[in-house]
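Chemist: Questions regarding the structure given below will be posed in turn.
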Amino acid sequence: MSGEANPFESLQSQIDEAAVHLDVGDDVIERLKHPERVLETNLTIERDDGNLERFKAFRSQFNGDRGPYKGGIRYHPQVSRDEVKALSGWMVYKCATVGIPYGGGKGGIIIDPDEYSEAELERVTRAFAKELRPMIGVDRDIPAPDVNTGQREMNWIKDTYETLENTTEPGVITGKNIASGGSEGRVEATGRSTVIAAREAFDYLGKDLEGATVAVQGYGNAGWIAAKLIDEMGATVVAASDSSGGIYNPDGFDPVAAKDHKNETGSILGYEECETEVTNEDILTMDVDLLIPAALENAIDADLAEEVTADVISEAANGPLTPEADAILEDKDVFVIPDILANAGGVTVSYFEWVQNRQRFHWTEERVNAELEELIVDAFDALVETLEAHDLDNPRTAAYVVAIGRVANAFEEAGSFP
Ligand code: NAD
Numbered sequence: 000m001s002g003e004a005n006p007f008e009s010l011q012s013q014i015d016e017a018a019v020h021l022d023v024g025d026d027v028i029e030r031l032k033h034p035e036r037v038l039e040t041n042l043t044i045e046r047d048d049g050n051l052e053r054f055k056a057f058r059s060q061f062n063g064d065r066g067p068y069k070g071g072i073r074y075h076p077q078v079s080r081d082e083v084k085a086l087s088g089w090m091v092y093k094c095a096t097v098g099i100p101y102g103g104g105k106g107g108i109i110i111d112p113d114e115y116s117e118a119e120l121e122r123v124t125r126a127f128a129k130e131l132r133p134m135i136g137v138d139r140d141i142p143a144p145d146v147n148t149g150q151r152e153m154n155w156i157k158d159t160y161e162t163l164e165n166t167t168e169p170g171v172i173t174g175k176n177i178a179s180g181g182s183e184g185r186v187e188a189t190g191r192s193t194v195i196a197a198r199e200a201f202d203y204l205g206k207d208l209e210g211a212t213v214a215v216q217g218y219g220n221a222g223w224i225a226a227k228l229i230d231e232m233g234a235t236v237v238a239a240s241d242s243s244g245g246i247y248n249p250d251g252f253d254p255v256a257a258k259d260h261k262n263e264t265g266s267i268l269g270y271e272e273c274e275t276e277v278t279n280e281d282i283l284t285m286d287v288d289l290l291i292p293a294a295l296e297n298a299i300d301a302d303l304a305e306e307v308t309a310d311v312i313s314e315a316a317n318g319p320l321t322p323e324a325d326a327i328l329e330d331k332d333v334f335v336i337p338d339i340l341a342n343a344g345g346v347t348v349s350y351f352e353w354v355q356n357r358q359r360f361h362w363t364e365e366r367v368n369a370e371l372e373e374l375i376v377d378a379f380d381a382l383v384e385t386l387e388a389h390d391l392d393n394p395r396t397a398a399y400v401v402a403i404g405r406v407a408n409a410f411e412e413a414g415s416f417p
């Protein structure tokens with residue numbers, strides 16, 4: 000991972016690239032390139048040994064023109080203000096791309112969760128929830144999981160919010176477990192949309208998914224589910240990696256057994272069906288039909304992009320390509336399904352969870368998956384329609400043209416206060 004590109008600048012250049020194809024004033028575009036507000040806060044909690052420790056945390060509310068702010072909370076040592084701002088902006092355009100009635104937000108704490116006990120993580124999470132309380136709410140801002148957070152953290156945030164507000168409002172947060180008001184299908188949703196979008200892209204390009212080879216970078220929630228589902232669709236997963244390195248078997252391997260191995264040992268390395276170990280760079284440049292980057296942003300920079308040989312990339316991760324890499328891959332005719340569509344399943348099923356919480360009604364998994372399928376296919380069709388109507392080469396630009404058009408339209412229809 001190069002780590003050099005500033006993700007906020009990447010977001011802004013993506014917006015600029017799409018804006019030239021839209022009949023939207025520069026003043027409105029300028030508004031759509033900056034967050035409305037960013038909370039920067041310091042959380043002090045007691046460690047198990049009695050000492051105090053301080054953690055910096057952020058919440059960015061980027062744009063609320065189409066609905067309440069919506070977006071995950073990340074725990075990672077490399078969380079930064081600019082990263083949170085960028086991620087919150089991507090949420091705005093992601094929600095607009097799939098047409099769900101939300102704006103965008105994002106939060107993060109600078110922390111390596113592996114270094115802390117569960118009790119310490121609970122105190123950090125509840126301290127953050129207390130700071131967030133005035134700015135979140137079921138119609139205001141609805142957080143969700145992101146890297147290194149999951150149902151456990153969402154349940155703690157919900158409980159802290161409800162306790163302090165003296166209310167029952169499960170829809171204040173999504174990604175909860177089922178007992179706390181979560182939705183069927185939420186855990187699989189990001190990987191599911193990543194592969195639905197890939198399947199649609201193969202169909203659009205006239206390529207056969209059956210037997211197509213796939214490499215997956217990052218074997219966490221998004222990556223491993225994508226591997227499992229694309230395998231079920233008939234493709235062959237030949238390589239996967241996590242932060243410890245990568246594994247490869249040209250004949251393919253069982254993604255579920257690889258995940259079991261990772262659960263047991265803490266690493267994907269050493270999985271018996273894949274004796275060949277490869278580097279993360281190998282995974283990204285491997286000769287496969289489909290590459291799924293599912294780790295962190297900036298995984299592929301310009302140098303690596305020159306080496307990429309995949310035909311299709313479905314971005315499970317947020318911002319895995321630097322803008323320079325994106326331009327190079329466009330020149331190389333690689334069909335890149337942008338993150339704001341490919342991984343939108345997570346926020347889409349979060350939206351379904353919120354709808355169910357508000358309805359006080361629980362949907363079946365079949366219903367959740369069917370509604371998700373329809374929204375992602377519709378979003379892919381809108382992308383292709385725009386790609387062709389504007390004679391664009393880059394699917395990302397097409398997705399932004401759709402999304403920015405929708406956000407700008409909501410802003411212009413409503414007018415602004417004051
Ligand atoms: P996760 O923490 O469950 O998994 C991340 C995985 O990436 C882990 O396997 C980790 O070992 C691996 N990883 C980290 N650094 C790596 C590196 N340099 N090379 C290879 N692997 C590396 O996180 P997740 O929820 O799966 O999220 C992954 C990406 O998907 C993030 O960009 C996130 O923003 C995005 N995303 C997730 C969701 C969701 O619902 N989980 C929704 C939308 C987008």
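First residue of the sequence shown: 0, per numbering that gives the first Met the number 0; consecutive thereafter.
Heads up, the beta-carbon is just placed ideally off N, CA and C, and yes, glycines get one too.
#1: Between the alpha carbons of E183 and D330, how many angstroms are there, rounded?
#2: With respect to the alpha helix (DSSP H) encompassing S87, which residues constitute its N-terminal and C-terminal limits?
#3: State the beta-bridge partners of H75 as determined by DSSP.
#4: Just curious, the beta strand (DSSP E) that I291 is in, first and last residue?
#5: Within 10 angstroms of the Cβ of G2, are there 16 or more other Cβ atoms? Answer buried if so, exposed if not.
#6: Identify every run of the alpha helix (DSSP H) within the region 235-319, keeping only runs that are complete inside it and at least 4 residues long; order them along the chain.
#7: From the beta carbon of S415, is the nearest beta carbon of chain C less than 8 Å away?
#8: Using only the heavy atoms of ligand 1, determine whether one of them is closer than 7 Å to the beta carbon of T284.
#9: When you compare only the Cα positions, how much space is there between I44 and A118?
#10: Among G66, R65, K84, which has the Cα closest to the Cα of I72?
#11: Measure the alpha-carbon distance for N279 versus L208 and round it to whole angstroms.
#12: For P6, which of helix, strand or coil comes out of DSSP?
#13: Please go through the same chain and pick out, in chain order, the residues whose beta-carbon is closer than 6 Å to the beta-carbon of A214, but skip the five residues on each side of it.
#14: Quick one: Cα of M0 to Cα of W362, how far?
#15: Does the distance from the C-beta atom of V194 to that of I229 stay below 8 Å?
#16: Quick check: the Cα distance between L31 and H260, rounded to an integer number of angstroms?
#17: Drop a sphere of 10 angstroms on the beta-carbon of E8, count the other beta-carbons inside from all chains shown, and report buried for 16 or more, exposed for fewer.
#18: With a CB to CB cut of under 6 Å and the five nearest residues on each side skipped, what residues in its chain are close to E152?
#19: Give every residue of the same chain whose Cβ lies closer than 6 Å to the Cβ of G345, excluding the five residues on either side of it in the sequence, and list them in chain order.
#20: Please state the DSSP three-state secondary structure of F54.
#21: Does E114 pass the burial test, meaning 16 or more other C-beta atoms within 10 Å, or should it be called exposed?
#22: What's the C-alpha gap between A407 and E271?
#23: Return the Cβ separation of I312 and L21 in integer angstroms, given the expectation that the two are a contact with Cβ distance under 8 Å.
#24: Using 8 Å as the threshold, is the C-beta distance between P67 and I141 below it?
#25: Identify the residues that DSSP records as bridge partners of K69: which are they?
#26: So, helix, strand or coil for F416, using DSSP?
#27: Helix, strand or coil for I44? Go by DSSP, reduced to three states.
#28: Taking the CB atoms as reference points, tell me whether F61 and E39 lie closer together than 8 Å.
#29: With 16 other CB atoms within 10 Å as the buried threshold, where does R359 fall?
#30: Of the choices A324, A293, D25, whose alpha-carbon is the least far from that of T308?
#31: Where do the N-terminal and C-terminal ends of the beta strand (DSSP E) with V335 fall, by residue?
#32: In three-state terms, what does DSSP make of E39?
#33: Please tell me whether, using a cut-off of 7 Å, the distance from the CB of T321 to the nearest non-hydrogen atom of ligand 1 is below it.
#34: Please tell me whether, using a cut-off of 7 Å, the distance from the CB of A85 to the nearest non-hydrogen atom of ligand 1 is below it.
Modeler: Put simply:
#1: Straight-line measurement puts the Cα of D330 at about 40 Å from the Cα of E183.
#2: That run of the alpha helix (DSSP H) goes 80-97.
#3: Looking at the DSSP output, H75 sits in a beta bridge with I109.
#4: I291 -> beta strand (DSSP E) spans 289-292.
#5: Unreliable placement is indicated for G2, whose pLDDT of 48 sits below 50; no coordinate value is reported for it.
#6: The region 235-319 contains these whole alpha helix (DSSP H) runs: 254-264, 279-284, 301-306.
#7: The structure shown contains no chain C, having only a single protein chain.
#8: For ligand 1, not one heavy atom lies less than 7 Å from the Cβ of T284.
#9: The C-alpha of A118 is placed about 11 Å away from the C-alpha of I44.
#10: Selection G66, R65, K84 evaluated against I72 yields K84 as nearest (Cα-Cα).
#11: Looking at the two C-alpha atoms, the distance is approximately 24 Å.
#12: In the three-state reduction of the DSSP assignment, P6 falls in the helix class, which pools H, G and I.
#13: For A214, where only same-chain residues beyond five positions count, the Cβ hits under 6 Å are A238, I282, M285, V287, L290.
#14: Only weak support is given to the placement of M0: the predicted model assigns it a pLDDT of 39, under 50, and the value that follows is read from those uncertain coordinates. Computed Cα separation, rounded: 39 Å.
#15: Between V194 and I229, the C-beta gap is smaller than 8 Å, which places the two residues in contact.
#16: Cα to Cα, the separation comes out at about 44 Å.
#17: A residue is called buried when at least 16 other Cβ atoms come within 10 angstroms of its Cβ; E8 does not meet this threshold and is exposed.
#18: Take E152, set aside five residues on each side of it, and the residues of its chain with a beta-carbon closer than 6 Å to its own are T124, in chain order.
#19: Around G345, the same chain offers A188, T189 as residues with beta carbons nearer than 6 Å, after the five sequence neighbours per side are excluded.
#20: F54 falls in the strand class under three-state DSSP.
#21: Exposed: under 16 other Cβ atoms inside 10 Å.
#22: One C-alpha to the other measures close to 52 Å.
#23: L21 and I312 do not touch by the CB rule: their CB atoms are close to 25 Å apart, not below 8 Å.
#24: Yes, they are a contact pair.
#25: DSSP lists I141 as partners of K69.
#26: Coil at F416, not helix or strand.
#27: Here I44 carries a strand assignment [DSSP, helix/strand/coil].
#28: Result no, Cβ atoms of F61 and E39 do not sit closer than 8 Å.
#29: It is exposed - the Cβ of R359 has fewer than 16 other Cβ atoms within 10 Å.
#30: Cα-wise, what sits closest to T308 is A324.
#31: Where V335 is concerned, the enclosing beta strand (DSSP E) stretches over 334-336.
#32: In the three-state reduction of the DSSP assignment, E39 falls in the strand class.
#33: No, ligand 1 has no heavy atom inside 7 Å of this Cβ.
#34: No, Cβ of A85 sits at least 7 Å from all heavy atoms of ligand 1.
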